[in-house]
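A.B. asks:
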């Protein structure tokens, strides 16, 4: 495979939905060594000076962001499980953020909808994105 050259000053690594609860017990994640591979990419990105941004799904107490008609997240609301007080606690221990890493909290599948992700990327002049995560097709 040919080497890929990226301008690290214009690149961001997006660590999307590396949730302990949804990925931690997934047999496919285990079989493919997803966390180990993600940690390797994360380590190399940090070493190269690439901006790392984490993206997690979380809500306010009572889930006011979720309509009963929301097919993706309404079951979470109905279950009554309290949201995480600190979004960092949602992230799997293998790929935890470091001090200063931004954590974007999203309330929909798309990480750009209703968040400040776009503003953060634009203000940092990041136009090359490396996207890693669980079911990233919606991000």
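Numbering (the numbering used here), first residue to last: 55 to 193. Idealized CB from N, CA, C, for every residue including glycine. Small disclaimer: the values here were computed from a predicted structure and weren't measured.
1. Which residue from 179, 177, 186, 73 puts its Cα closest to that of residue 138?
2. In the DSSP assignment, what are the bridge partners of residue 187?
3. Count the other CB atoms within 10 Å of the CB of residue 104; is the residue buried (16 or more) or exposed (fewer)?
4. Can you check which of these residues, 175, 173, 158, is closest to residue 71 by C-alpha distance?
5. One question on the structure: do residue 107 and residue 156 come within less than 7 Å of each other, judged by their Cβ atoms?
6. Could I get the ranges of all uninterrupted beta strand (DSSP E) runs contained in the stretch 135 to 163, with 3 residues as the minimum, in chain order?
7. Express the C-alpha separation of residue 56 and residue 120 in angstroms, rounding to a whole number.
C.D. replies: Reading off the structure:
1. Here the closest residue by C-alpha is 73.
2. According to DSSP, residue pairing for residue 187 in a beta bridge involves 70.
3. Buried, since its Cβ has 16 or more Cβ neighbours within 10 Å.
4. Selected option, being the one with the closest Cα: 158.
5. Result yes, Cβ atoms of residue 107 and residue 156 sit closer than 7 Å.
6. Counting only runs of 3+ residues, the beta strand (DSSP E) found wholly inside the stretch 135 to 163 occupies 157 to 160, in chain order.
7. Residue 120 and residue 56 have their alpha carbons spaced roughly 44 Å apart.
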